[in-house]
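Heads up: the sequence lines are chains A and B, in that order.
Under our numbering, the first residue of the first sequence is numbered 1231, with each subsequent residue one higher.
Under our numbering, the first residue of the second sequence is numbered 63, with each subsequent residue one higher.
Think of the CB as a built atom: it goes at the ideal place given N, C-alpha and C, for glycine as much as any other residue.
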Amino acid sequence: MSFWEKFTLIFTNAKYLDSMLTGLRMTLVISIGAAALGLVLGTIVALVGIAQSKNPLLKIPKFLCAVYVTVIRGTPMALQLFIMAFVVFAIRGFPIVVTAIIAFGINSGAYVSENIRGGILSVDIGQTEAGRSLGLSAGTTMWYIVIPQAIKNVIPSIGNELIALIKETSIVSMVGMYDLTAAAKNVGSGQNLANYMAPMTVAALFYLAIVYLLTFIIKKIEGRLRQSDRR
Amino acid sequence: MIDVKNLSKSFGDHLVLDNISEHISPGEKVVVIGPSGSGKSTFLRCLNLLETPTSGSITFQGREITDPKADIDTIRRQMGMVFQHFNLFPHMTIRKNITMAPVRTKLMTQAEADDTATTLLKRVGLEEKADAYPAQLSGGQKQRIAIVRALAMKPKLMLFDEPTSALDPEMVGEVLEVMKELAEEGMTMVVVTHEMGFAREVGTRVLFMDQGHILEQDEPHAFFAHPKQPRTIDFLSKVL
């Protein structure tokens, strides 16, 4: 059988195709869940990090957020996943997919928070001063004036982070999960196709397709947000 | 209207304002001049607490605004501020720039604010720009919009921080014209500027600042005709 025949077989053989699609579904579930969790977590951590208040009580959450970002960014993703799967959520019957979403979400949140923080700080301080001098509160100024401009600055780097996240989920087979990469390995094994090149290529195309679609969506959003820049 | 008592401000160990006391009455047009680094912008920015004074007190319409318990947002609604770099909100149309604050602070409904915006835009001859974005405007137009945006809050006092310093020379006139009209309507104004012509023509009082002090002040004609301090004479000889 030539490479091309094997390649076609993956799409025509119900068992192989089903296997690949099951893996793809898992990759998507983890990616979307983790992205959502990461964005929420990242936004909260960024806002806590940036908040300026005379209230000394704010020092505690500020400190915790700084520790969170430092630890998560300073340790390998695989290790974080192991700790989540084998220690924190090593509870019988606890769904591993939830564990994975939490592990990747927490990881992504650290990177997202740094992106958002940078985006907010990149907005000219004059914008905040203008808002405050009109008598708007710090919160209103942040929400209606600073954040909409920060989002525009942040979208490209958030896009990068989401793309990295999707590809990074391929390590979940290390804790025995069946994602797209694991499926390619399974389909290519001796009991099945006995050829790795074809299923790996299919998996690669699937990843590429997801990333391409995501890039396209991000470009669209960027274009819309840049409308006010046109002269 | 504004009473400044023993105001000092330092950034780190650099003393920018040194024990300034000053009173500004309703209807006055106070023009603050001086070399750069003299503290004139900092003085202006202290008046609406964009800079927090290191010591001293500021009272606005009988309320001490430097009191930590004072509701600074409410007080700022009565003081408009115009910046050197306009600081229009680039992601909003001109109309939205003007109506946002009065609507968000519940001073007006959206419809009332839209009416106010139209009236104000007509006044500065920019009503056809209502749906444009700031990036589509020239510097002079942006600054006129910035003035209008501050006026939409119906302030009792207007603060101008070098409003023409970032403009092309040919656009300075249109902005000063708007400010002049505003002065004629009786608005209380504090203007930090390098436009000596404006100071002479529109000001009711000129303050000369140097190294964190108000060195000399007078009614403009007397001030420019007979400056007393050597530093003032030196400064004026360079700028006039």
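Taking 7 Å as the threshold (beta carbon to beta carbon), is GLY1370(A) in contact with chain B? According to the sequence displayed, residue 1370(A) carries Thr and not Gly. For THR1370(A), the closest Cβ of chain B is nearer than 7 Å.
Give me the residue from HIS147(B), ALA173(B) and LYS168(B) with the minimum Cα distance to ARG157(B). Closest in C-alpha terms to ARG157(B), from the list HIS147(B), ALA173(B) and LYS168(B), comes ALA173(B).
Output, in sequence order along the chain, the residues in the segment 1375–1394 of chain A whose CB is closer than 8 Å to any CB in chain B. Cβ contacts with chain B come from ILE1375, PRO1378, GLN1379 and LYS1382.
How many whole angstroms separate the CB atoms of ASN149(B) and ALA1360(A), which I take to be in contact at a CB cut-off of 8 Å? About 4 Å separates the two Cβ atoms, so the contact holds.
Quick check on the DSSP output: the alpha helix (DSSP H) that includes HIS283(B) runs from which residue to which? First-last of the alpha helix (DSSP H) with HIS283(B): 282–287.
Which residues mark the beginning and the end of the alpha helix (DSSP H) in which PHE297(B) is found? Under the DSSP assignment, PHE297(B) falls in the alpha helix (DSSP H) whose first and last residues are 292–301.
Measuring only the C-alpha atoms, how far is SER72(B) from VAL1327(A)? Approximately 56 Å, taken between the alpha carbons.
Under 7 Å (Cβ pairs) to chain A, residues found in the segment 227–245 of chain B: When CB distances to chain A are screened at a threshold of 7 Å, not a single residue of the segment 227–245 of chain B falls below it.
Please list, in chain order, the residues of the segment 182–214 of chain B that have any C-beta partner in chain A closer than 9 Å. Against chain A - using a Cβ distance shorter than 9 Å - the residues of the segment 182–214 of chain B are TYR195, PRO196, ALA197, GLN198, ALA208, ARG211, ALA212 and ALA214.
Measuring only the C-alpha atoms, how far is LYS216(B) from PHE1293(A)? Looking at the two C-alpha atoms, the distance is approximately 42 Å.
From the beta carbon of PHE151(B), is the nearest beta carbon of chain A less than 7 Å away? Under the 7 Å criterion on CB atoms, PHE151(B) is classed as interfacial with respect to chain A.
Interface positions of the segment 131–142 of chain B facing chain A (Cβ-Cβ less than 9 Å), listed along the chain: For the segment 131–142 of chain B, which is checked against every Cβ of chain A, the residues closer than 9 Å are ILE134, ASP135, THR136, ILE137, ARG138, ARG139, GLN140, MET141 and GLY142.
Determine the contact status of THR178(B) and ALA214(B), defining contact as a CB-CB distance below 7 Å. Cβ distance < 7 Å, so THR178(B) and ALA214(B) count as in contact.
Note down the Cα distance separating HIS147(B) from GLY202(B), rounded to an integer number of angstroms. Using only the alpha carbons, I get a separation of about 11 Å.
Would ASP135(B) and GLY1365(A) be called neighbours here (beta carbons separated by less than 7 Å)? Yes, they are a contact pair.
Local conformation of VAL1464(A) per DSSP, three classes: In the structure as shown, chain A starts at 1231 and stops at 1461, and residue 1464(A) therefore has no counterpart that could be examined.
Interface flag, ARG166(B) vs chain A, CB-CB below 7 Å: Yes, ARG166(B) lies at the interface with chain A (some Cβ there is under 7 Å from its Cβ).
Suppose the cutoff is 7 Å on Cβ atoms and the five residues either side in sequence are ignored; what does the same chain contact list for MET1427(A) look like? So the list reads PHE1233, once near-sequence residues are dropped.
With burial defined as no fewer than 16 other Cβ atoms inside 10 Å of the residue's Cβ, what is the status of GLN205(B): buried or exposed? GLN205(B) should be labelled buried.
Specify, as a first and last residue, the run of the beta strand (DSSP E) that ASP65(B) falls within. ASP65(B): member of the beta strand (DSSP E) spanning 64–73, first to last residue.
By DSSP's criteria, SER119(B) is part of a beta bridge. Which residues make up the other side? Note: SER119(B) sits in a beta bridge opposite LYS67(B).
Alpha carbon to alpha carbon, how far is PHE1334(A) from PRO1325(A)? Rounded to the nearest angstrom, the gap between the Cα atoms of PHE1334(A) and PRO1325(A) is 15 Å.
Whole-angstrom C-beta distance between ILE120(B) and ILE64(B), which should lie under 8 Å: About 7 Å separates the Cβ atoms of ILE64(B) and ILE120(B), confirming a contact at the 8 Å cut-off.
For the segment 1305–1340 of chain A, which segments carrying the alpha helix (DSSP H) assignment without a break, of at least 4 residues, lie completely within its bounds, in sequence order? Those alpha helix (DSSP H) runs which fall completely within the segment 1305–1340 of chain A and span 4+ residues are 1307–1313.
Among ILE1332(A), ALA1368(A) and LEU1435(A), the one whose alpha carbon lies nearest that of ALA163(B): Comparing alpha carbon positions, the residue from ILE1332(A), ALA1368(A) and LEU1435(A) closest to ALA163(B) is ALA1368(A).
So what's ILE95(B) in DSSP terms, helix, strand or just coil? It is a strand residue.
Taking the alpha-carbon positions, what's the TYR1341(A) to ILE1302(A) distance? The alpha-carbon of TYR1341(A) is positioned some 9 Å away from that of ILE1302(A).
Minimum Cβ-Cβ distance from ASN81(B) to chain D less than 7 Å: Absent here is chain D; the protein component of the structure consists of chains A and B.
Residue-chain proximity (LEU1364(A), chain B), Cβ-Cβ < 7 Å: Under the Cβ distance rule, LEU1364(A) counts among the residues neighbouring chain B, one pair being separated by less than 7 Å.
Which of the three DSSP states, helix, strand or coil, is assigned to GLY150(B)? Before going on, a small fix: residue 150(B) reads as Leu here, not Gly. Residue state, collapsed to three classes: coil.
Range of the contiguous beta strand (DSSP E) that encloses GLY142(B): Note, GLY142(B): beta strand (DSSP E), 141–144.
Assuming ILE1382(A) contacts ARG1456(A) (C-beta within less than 8 Å), just tell me the rounded distance between them. In the sequence on display, residue 1382(A) carries Lys and not Ile. That pair is a contact at about 7 Å.
What three-state label does DSSP hand ASP176(B) in the structure shown? Note: ASP176(B) maps to helix in three-state DSSP.
Spatial neighbours of THR155(B) within its chain, please: C-beta separation below 8 Å, excluding the five flanking residues on both sides. For THR155(B), the CB contacts under 8 Å within the same chain, skipping 5 residues up- and downstream, are ALA192, ASP193, ALA194 and TYR195 in chain order.
Can you pull the chain A neighbours of ALA163(B), defined as C-beta to C-beta under 7 Å? What ALA163(B) touches in chain A: LEU1364, GLY1365 and LEU1366.
What residue range is occupied by the uninterrupted beta strand (DSSP E) comprising MET220(B)? 219–223 is the span of the beta strand (DSSP E), which, as asked, contains MET220(B).
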